[in-house]
Amino acid sequence: MAFIDRIKEIMSSSGIEAEVSEGKGFIKVKVPLEQWEEAAKALASNGFDHVKTVTIVDYKARGVFEVAYHVSSFLDTGLAKYIIELSTEIPRDNPVVKSLVGIWPSAEFLERESFEFFGVVFEGHPDLRPILLLDEVVAKHPLRKDFVVKEEGIFR
Amino acid sequence: MSASPALKDEIKLPGMDLKKIGKDLYEVFIGPQHPGSGHMRIIIRVDGDVIVEADPDLGYVHRTMEKLAEGREFIKVIPLMERMAILDACNITLPYVEAVEKLMDIEPPPRAKYLRVLLCEINRIASHLYGMGIFGVFLGHSTMYMWPFGDREVFVELAEKLTGARLTHTYAVPGGVRRDIPQGFREMAEKAARYMEKKLEDYKRIFLDNPAIQKRLVDVGVISKNLAAKLGIVGPNLRASGIRYDVRIIEPYEAYDEIDFEVPIYEEGDAYARAWIRVMEIKQSLNIIRQVLEKMPQGDPLHEKFWAKAPKLYKTVYETTGRAKLIPLYANLKVPAGRAIARAEAGRGEVIYVVESENKTKPYRVRVVSPSFRNAIVFKYIVPGHRIADLPAIYGSIDYFPPEADR
Amino acid sequence: MSQKEGKAYVGNLDVSARKAQDLLLNKAKLGKLVDWATAFSLWPVHLTTSCCGCEFAATWSPRFDAERYGALPWIASRQTNFMIIEGTVTKKMAKAVKVTWEQMPYPKFAIAMGACALDGGIFYNSYNIVRPWQIIPIDVFIPGCPPRPEAVARAIIELQKMIRTKGLASQWIIKGYREEALKYYTGGEG
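Protein chains in written order, with my numbering: chain E, 3 to 158; chain S, 759 to 1165; chain X, 179 to 368.
Right, here's the structure in full:
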């Protein structure tokens, strides 16, 4: 059985309507926002034990943030070679998503980082405060697309 | 900066009960100016000299690489990302190059793959030696600073011979590498490998078998196997906790699947095991360098798609001197839309890139998570419960490199 | 004070000390001695601001051995008189740089290392960096990204030359402040 089918099975057996597709170097599992936590629990109970990245992409044109957790496994060598991208979309004007620190403690600093760069609030995070930036910079949420840095071309 | 109530429940992890101690806490700010030259601060709360809570305060070297990458051409992102860990430049940018290659659907020629592995391993040795040197500084062991730093120059010079730059090589470019192997490199590499093997014995004698060092490192900062997986730490620190996880064997990239090597594993998970594992990894890297030079296939170091479009002058320069210049085609490199993820094993652990393109000359989003950032969580959960004098030993053993963590 | 009278006339101690200082230091030879001594006891503080720290460390390693110029990185800022800004200074680090610089006893000197310390370098448009010359007065700039250890060694020698020819250290002690540095303190956003 292909690995992607196994992920589909994990998702459907937990009653989650996930779109599972294969990307370049990862397997994308897109879930609706309401089933965010259940999907994470389903993956965690199947041996995915750590978070590699918490990636947020700002789609300003569509007015959404895509929140993606890239998870994999250390202890289960069979799973270790796959990266699962668990993603959902949240509205740009109300960026709130449930924190997954309770399920994966390794996401703690990564979520704090995303919080300061995008202003995404992770509900239920034990210690949600900026980690890298000073407060005055955090207020700008620098990685959002509406924060523009000036760029010099070759000929100015 | 007081601890949130939720944090006090979390801190149970390493086996300390904060509630019992409660009142007589003393706050100590360590860094960013401290003897280890770290660009990071740890705020610790101590009871007597036992640390009950540690709060790593990162971001002293945050230079906003992810944001700046969105405004630069694909090729210009490589030197930008390189500044994250200039002592480990090839390893740290390789996944980015791989991700771009995945998006463009090209595969570098076999010779380029071997050349990349070659520089990666040279970088890994240099990076480990740097880490060991800084570890020596932390422990007040001056000789252990001097020797690895002196020996590191051998490998820095090797990289300079190969690429032309001491630290910032920008060697791997999408589709291949920038230069071919120069004349006389093999002999130089063999000499360096022989020298290093001899020196590793010296390190053992003066540092690892030193009873004073053993007293300070054994059973200090123990990370158990399960805890390591839970915290998501990477690299030699993870392998010192008994987890066999190395991207080079889990998902062999470049030419690693054709090379025979071992990944050292230690079960103890303490600072002493983390010191040992670096020495053993250097040994394996020397082995890899030898194999690479032996097995190196013939051919161009750059993908024919780019090579065919190169001006004639470039080809003549390459054929006569072995130096391939960066082809102007790269300046307006358009990468097809999509998202690609690539990872590699850098000196300090797994580095992972998420590159999103919109079929433009500039990336839409480049997300990078570096090994040091993922290791930083150790300070919060492993340091509590130790004495204040153990902190340098733990800090040094993690081989934490702040510019890499802060990006 | 003389033996005959059997008394020591101290008078106003501050004034006496001031007079003695003027007398001693304004004599060319002692001022030169101070400059000479300072030039060969530059103690850089252990504050690494960015990635040029790799080459900073290599400068003091056995291959390049900058210790032979009388400079050795030292731990506490109170016991140092020399600062090398290694590369980019972020906004967060700028505060630490300023605090460390203020803690150092004068006469003190600074070298800015790397393109980022000149004018931002590769991070010229970053939202999180400051130029080091906005925070502290810089004596010598080293271009390069990163500069080679030889360049750092050369900058130390240049600084030694500056101290000895311009009398930076002795003038600073005599006046109590450094005239040419004042403009850095007032300019910039700090």
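Note that CB positions come from ideal geometry on N, CA and C, so glycine has one too.
In the three-state DSSP reduction, Pro814(S) falls in the strand class (E or B). If you draw a straight line from the Cα of Ser304(X) to the Cα of Asp1157(S), it comes to about 27 Å. Within the stretch 244-293 of chain X, the complete beta strand (DSSP E) runs of at least 3 residues fall at 260-264 and 287-291.
The beta-carbon of Val139(E) is placed less than 8 Å from the nearest beta-carbon of chain X. Taking 8 Å as the upper bound for CB-CB distance, Pro97(E) and Phe67(E) are in contact here, some 6 Å apart.
Between Ser1128(S) and Val1093(S), the C-beta spacing is not below 8 Å.
Residue burial is scored here from C-beta neighbours: Glu91(E) has at least 16 other C-beta atoms within 10 angstroms and is therefore classed as buried. Pro1142(S) is positioned such that its CB atom lies closer than 8 Å to that of Val810(S).
For Val1021(S), the three-state secondary structure derived from DSSP is coil. In the structure shown, Glu1009(S) falls within a coil segment according to DSSP collapsed to helix, strand and coil. Counting only Cβ-Cβ distances below 9 Å, Lys269(X) has contacts in chain E at Leu135, Leu136, Glu138 and Val139, in chain order. By the Cβ test, the stretch 947-961 of chain S is in contact with the stretch 907-921 of chain S, since at least three Cβ pairs between them sit closer than 8 Å. Using a CB distance cut-off of 8 Å, Tyr305(X) counts as an interface residue toward chain E. Counting only residues of its own chain and dropping the five nearest sequence neighbours on each side, Trp350(X) has a CB closer than 7 Å to the CB of Tyr284, Pro285 and Arg356. For Ile1046(S), no beta strand (DSSP E) run applies; the uninterrupted alpha helix (DSSP H) run containing it begins and ends at Ala1029 to Lys1053, by DSSP. Short of 7 Å from the beta carbon of Val103(E), and not among the five residues preceding or following it, lie these beta carbons of its own chain, in chain order: Ala109, Glu110, Glu113, His127 and Pro128. Around the Cβ of Arg1145(S), a 10 Å sphere holds fewer than 16 other Cβ atoms; the residue is exposed. When Cβ-Cβ separations below 8 Å define contact, Leu996(S) makes contact with chain E. Between Val976(S) and Glu1108(S), the CB-CB gap reaches or exceeds 8 Å.
Pairing Gly354(X) with Pro321(X), the inter-Cα distance amounts to about 31 Å.
Take the alpha-carbon of Leu876(S) and the one of Ile313(X): they are about 42 Å apart. The alpha-carbon of Ile341(X) is positioned some 14 Å away from that of Arg332(X).
Here DSSP, grouped into helix, strand and coil, assigns Pro222(X) to strand.
Taking a Cβ-Cβ threshold of 8 Å, the residues of chain E close to Lys860(S) are Lys26 and Gly27, in chain order. Neighbours of Thr822(S) in chain E, taken as residues at a C-beta separation under 7 Å, are given in chain order as Pro144. Across the stretch 960-991 of chain S, CB contacts with chain E closer than 7 Å involve Ala987, Lys988, Leu989 and Gly990, in sequence order along the chain. Ala44(E) is positioned such that its CB atom lies closer than 8 Å to that of Ser16(E).
In the three-state DSSP reduction, Asp1157(S) falls in the coil class, being neither helix nor strand. A distance below 7 Å between beta-carbons, with the five flanking residues on each side excluded, links Gln281(X) to the following residues of its chain, in chain order: Ser255 and Arg256. Taking the C-beta atoms as reference points, Val819(S) is found nearer than 8 Å to Pro1160(S). Secondary structure of Ser999(S) (DSSP, three-state): coil. Sixteen is the threshold: when 16 or more other Cβ atoms of the shown chains lie within 10 Å of the Cβ of Tyr1111(S), as they do, the residue is buried. Between Pro790(S) and Met271(X), the CB-CB gap stays under 8 Å. If you check the CB distance, Arg874(S) and Ala917(S) do not come in under 8 Å. Ala917(S) carries a helical assignment under DSSP once its states are collapsed to helix, strand and coil. In the structure shown, Phe124(E) adopts extended strand secondary structure according to DSSP, grouped into three states.
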